[in-house]
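Undergrad: In UniProt numbering, the protein residues as written are 1 to 273.
We put the beta carbon where it would ideally sit given N, CA and C, even for glycine.
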Amino acid sequence: MKTKRTIPSHPSRSDEDGFALLLVLWTLGFLSLIGAQALVLGKSGLRLEASTLQKAQMETTADAAITTELFSISTGQSPPRPAWRSGPDDGEITVSVSSHADNDHINPNVAGQTLLSSLLTISGISSDQANFLAASIMAWRMPGYKGESTTPGQAACTSSGQPFHTFEDLQAVPGMTPAILSRIRPHLSFAQLHLPDQTSHDPIVRQAMLHSGVSMGADQKPDDTGLEEETLIMVDAVASRKMAHMNRHAEVILMPEARPVPWKVVRWETVTR
Numbered sequence: 001m002k003t004k005r006t007i008p009s010h011p012s013r014s015d016e017d018g019f020a021l022l023l024v025l026w027t028l029g030f031l032s033l034i035g036a037q038a039l040v041l042g043k044s045g046l047r048l049e050a051s052t053l054q055k056a057q058m059e060t061t062a063d064a065a066i067t068t069e070l071f072s073i074s075t076g077q078s079p080p081r082p083a084w085r086s087g088p089d090d091g092e093i094t095v096s097v098s099s100h101a102d103n104d105h106i107n108p109n110v111a112g113q114t115l116l117s118s119l120l121t122i123s124g125i126s127s128d129q130a131n132f133l134a135a136s137i138m139a140w141r142m143p144g145y146k147g148e149s150t151t152p153g154q155a156a157c158t159s160s161g162q163p164f165h166t167f168e169d170l171q172a173v174p175g176m177t178p179a180i181l182s183r184i185r186p187h188l189s190f191a192q193l194h195l196p197d198q199t200s201h202d203p204i205v206r207q208a209m210l211h212s213g214v215s216m217g218a219d220q221k222p223d224d225t226g227l228e229e230e231t232l233i234m235v236d237a238v239a240s241r242k243m244a245h246m247n248r249h250a251e252v253i254l255m256p257e258a259r260p261v262p263w264k265v266v267r268w269e270t271v272t273r
């Protein structure tokens, strides 16, 4: 009896061609996807580079306008001028500049207990608490200070012998709460060198000055008499290019006798509005 042998089947030539074509199409699709992704990333990178370059150009133009304004003030060519006016431009970039001497606020490193207490009282703090806080502020910056601080149950302030540089420093004073600090914060300046007066643009500061009856008494000004000619100057510049704008803000202490640069920078930054 003969045994029937089964011959294994092989894929036809057309099946092999179809698989090869499918593989080619997959490869082309994958390469197209990679190419499209690379094109998108390339365009995004170019936009980012152009945006970075534009920001750098606007910042440079604004800073140049601020520097020009400061040199004009320091050399006596012009006083600080709060009104906005056109500054030097750079091609497509235009810039406006404004400046003023900051005499509107109260510096807790300069003011005495009477004025500080008045500011706290005008801001809605009780008289006893205001007196205690004012004395604590004085004791914080002046070792051995003896002031009116008789509020019962309050811990005495241990002096650090250091000036206040930030609002975080001020909040470390015993009795100073975030709520109280938020009330007086808009009326304070850590860089202003002198006391304000009745010409201050801040109505709360004017009321505090009137309430305290304080002039430039012995406890109301720094010991260094050389500061009398130094002034805190604030300059703002807005650089514009088409729809883009950049606001730069500078706070400097003007020192007419200093060389080669007659000022000391307190703050120089981009302001987001």
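Kindly list the residues whose CB is nearer than 6 Å to the CB of Ile69, restricted to its own chain and excluding five residues on each side of it in sequence; keep chain order.
TA: Per the sequence presented here, residue 69 reads as Glu, with Ile not at that position. Same-chain partners within the cutoff: Val97, Ser99, Val235.
Undergrad: Tell me, please, which residues DSSP counts as bridged to Pro269.
TA: It is worth fixing the name first, because residue 269 is Glu in this sequence and not Pro. Its beta-bridge partners are His249.
Undergrad: Alpha helix (DSSP H) containing Thr177: first to last residue?
TA: Where Thr177 is concerned, there is no enclosing alpha helix (DSSP H), given that its DSSP letter is neither H nor E.
Undergrad: For the alpha helix (DSSP H) containing Thr114, list its first residue and its last residue.
TA: 113 to 122
Undergrad: Hey, quick one: how far does the alpha helix (DSSP H) through Ile233 stretch, first residue to last?
TA: Premise fails: Ile233 lies in the beta strand (DSSP E), 231 to 241, not in any alpha helix (DSSP H).
Undergrad: Are the segment 204 to 212 and the segment 115 to 122 touching, with three or more C-beta to C-beta distances below 8 Å?
TA: yes
Undergrad: Indicate whether Leu193 and Ala111 have their beta-carbon atoms separated by less than 9 Å.
TA: no
Undergrad: Taking Cβ to Cβ, would you say Ala239 is nearer than 9 Å to Ala65?
TA: yes
Undergrad: Around the Cβ of Gly35, are there at least 16 other Cβ atoms within 10 angstroms (buried) or fewer (exposed)?
TA: The residue in question, Gly35, is exposed, as its Cβ has fewer than 16 Cβ neighbours within 10 Å.
Undergrad: For Ser96, report the span of its beta strand (DSSP E) as first-last.
TA: 94 to 101
Undergrad: Measuring CB to CB, does Gln171 end up less than 9 Å from Pro178?
TA: Pro178 is positioned such that its CB atom lies closer than 9 Å to that of Gln171.
Undergrad: Is it buried or exposed, Val265, if we count other Cβ atoms within 10 angstroms and call 16 or more buried?
TA: With fewer than 16 neighbouring CB atoms inside 10 Å of its own CB, Val265 falls in the exposed class.
Undergrad: Among Asp169, Arg81, Arg241, which one has its Cα closest to the Cα of Ile137?
TA: Looking at the Cα atoms, Asp169 is the closest of the given residues.
Undergrad: Determine the direct distance from the alpha carbon of Arg241 to that of Met58, and round the result to whole angstroms.
TA: 8 Å
Undergrad: Would you check if the distance between the CB atom of Thr231 and the CB atom of Ala83 is smaller than 9 Å?
TA: no
Undergrad: Could you please give me the residues that DSSP links to Arg85 through a beta bridge?
TA: Residue pairing by DSSP places Arg85 opposite Val97 in a beta bridge.
Undergrad: How about Arg47: is its Cβ closer than 8 Å to a heavy atom in the ligand NAP?
TA: Annotation note on the ligand NAP: not contained in the displayed structure, which lists no ligands.
Undergrad: Return the CA-CA distance between Arg85 and Asp63, expressed in angstroms with no decimal places.
TA: 15 Å
Undergrad: Using the rule of at least 16 other Cβ atoms within 10 Å of the residue's Cβ for burial, across every protein chain shown, is Arg141 buried or exposed?
TA: buried
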